[in-house]
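Comments concern the structure below.
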Amino acid sequence: MADSQRLELFVLRDAQGPILYAPLGRRMARLNEPAARLALAYAQDPSVAEDLDADGRVVIDALRERGFYERVEPPHAREAFRPVQVTLFPTNNCNLRCRYCYAFGGEGGGNGEPLVRMDLACAQRAIDLIARNACERAAQGEDIHNFLVSIHGNGEPFCAYDLVREIVWYGQDVAEELDMPVVFNAATNGVLNDEQLDFVIANFGSINVSFDGLQRFQDANRPGPDGRGTFGAVDRTLRRLAESPVGLGIRTTVTAQMVDAMAEIVAFVAERYPGLEQLHLEPVWECGRCKTSDCAMPDAGVFTRRYLEARQVAEERGLRLVFSGARQDVLSDCFCKVSSGSFTVTPTGDVTACYEVSYASDPRSERYFFGRYDPQRADFVFDQAKLAALGRLNVRNMPFCDDCFCRWHCAGDCAAKVLDGIEPEQHGGSVRCEITRALTLDQIQRKLAWKAPGEGEAHDVP
Ligand code: SF4
Ligand code: SF4
Ligand code: SF4
């Protein structure tokens, strides 16, 4: 059946009984067992209504009135490649040696590649390109009010601080010249000196700091090249950022050794960094340097239980908790921008669609590298055939996800993780599916609990 004709209706179950869930229409309701069976039977064959008794008709009428049987067009997140956002990796050098680093930061990707810095001209042309697109698209009536420069890395971007500074100054000049605002954000390990911190606070809209939450984990998992702990340095950064106007997020990578302390981590960071906007808790994925250390992915069931405990603690403290796969509020056919050609430039000037694939020696680069900076032409060249192929990395091409109620939320999960060496049609899920489904169900349960009947999308149906 074509996607546009699909009526997607699921019966989920928890301790209170069945929940009827229509993800595309964003409808949810608690029902009793016979009503849930009837709701599904009617979805499959509306002619069952002809033989219903009065009670059955009341159920179907109530569900119809509340939109459960409306056919909703599934989302199409892909768009023509005309980016107004670029992610720049200024360097693959790093001042830390995290034991689970996917990119072997500071060690050339683990493949003996050299430590390099991006050419300033490459960064400048990338900014020119997105700024120009932003102006043109805004002039054509699109709802675009700025261009966005993200500073990230397959290393620590602030190890190339003078380059980052030049990039920011250039972006600001272009913004002024074109009368189109620029927004900067960054991801960092947080080992920054005073000058760097002042610069971030003065110029960046938001910053995400990778930090393992408690001293014992941070020092063990995210040491410097000399093996020394980095908790003190990152804690200092976080305290300053938390007091500044910069939007602050923390990303904590959870290993099997840390999983039981998730609630403790939440309580600690919420209290110590009161300006913190969100804490992203992500189970480590066993790749990169993780394979050479004893960092292991936590058991999915244990991670889920501990996450739910931690969520309780976070809620009490007004802190938003995030796990990337569970996003009931999102409707999309792609997990990230990988399938519409996310414009990410590596230190060597290669353009990759995926943050985690940043070296030409990585076999996955065949799929994700779709362009490069050409210094002779002083411009970027893009491979349109590669871009078209990337467009296939979406959940419509993943039959494994067809019957999953998270299909249009999780959208098949992170391609770098679940499609390593395979085509989307071969996607067979991963241990993350269990976490994603459990935490998405939790989001639905909470919405049902928040809203009284008639107050929005969540209802109790007789
Ligand atoms: S700070 Fe980031 S790039 Fe550096 S080693 Fe740690 S995870 Fe890798
Ligand atoms: S595919 Fe995964 S790793 Fe790559 S950019 Fe998307 S979310 Fe990140
Ligand atoms: S089957 Fe797994 S990867 Fe696919 S949508 Fe569901 S949770 Fe996500």
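Mapped onto the working numbering, the consecutive letters of the sequence shown carry residue numbers -18 to 443. Where is the CB? At the ideal position from N, CA and C, for every residue including glycine.
Other residues of its chain near residue i: CB distance less than 7 Å, five sequence neighbours each side excluded
i    : result
L159 : A112 and C116
Y340 : G90, N92, E94 and S346
Residue closest to residue i, alpha-carbon to alpha-carbon, out of the options
i    : options                  : result
R413 : A156, V65, G136 and F284 : F284
D331 : G372, S28, A43 and L69   : L69
A43  : I403, M243, Q25 and M9   : M9
L12  : L5, V40 and P27          : V40
I188 : R221, V311 and R298      : R221
R52  : N74, V67, P4 and L96     : P4
E337 : D401, A17, Q293 and R118 : D401
C-beta atoms of residue i and residue j nearer than 7 Å
i      : j    : result
T325   : F350 : no
A84    : N127 : no
T233   : L262 : yes
L(-12) : L422 : no
V247   : A295 : yes
G37    : L19  : yes
G171   : F192 : yes
F363   : G352 : yes
I125   : V190 : no
D384   : R106 : no
V97    : P328 : yes
A183   : H133 : no
For residue i, the three-state DSSP class (helix, strand or coil)
i      : result
D216   : helix
I182   : helix
L429   : helix
L302   : strand
D241   : helix
I148   : helix
Q293   : helix
I0     : strand
H440   : Low confidence applies here, because H440 scores a pLDDT of 46, under 50, leaving its location unreliable; read the following figure in that light. DSSP places H440 in strand when its eight states are reduced to three.
V283   : helix
E(-11) : coil
I246   : helix
R221   : helix
Contacts around residue i, its chain only, beta-carbon distance under 6 Å, and the 5 residues preceding and following it disregarded
i    : result
C395 : F316
V164 : N127, L129 and G186
C382 : V376, R388 and G393
S321 : R59 and E60
S323 : A334
L173 : F139 and T218
L312 : P56 and W389
Contacting residues, own chain, Cβ-Cβ under 8 Å from residue i (five flanking each side not counted)
i    : result
E224 : G256
E147 : L101 and A104
Curious, which full-length beta strand (DSSP E) runs of at least 3 residues does the stretch 309 to 345 contain? Counting only runs of 3 or more, we get 331 to 333.
Segments of 4+ residues assigned as alpha helix (DSSP H) that fall wholly inside the stretch 368 to 395: List check, alpha helix (DSSP H) in window: 388 to 391.
Pick out the complete alpha helix (DSSP H) segments inside the stretch 67 to 144, 4 residues or longer, and give them in chain order. Annotation note: the stretch 67 to 144 contains the following uninterrupted alpha helix (DSSP H) runs of length 4 or greater, listed N- to C-terminal: 101 to 120.
Could you name each continuous beta strand (DSSP E) segment of 3 residues or more that falls completely within the stretch -9 to 42, going from the start of the chain to the end? Runs of the beta strand (DSSP E) spanning 3 or more residues and lying entirely within the stretch -9 to 42 occur at -9 to -5, -2 to 3 and 8 to 11, in chain order.
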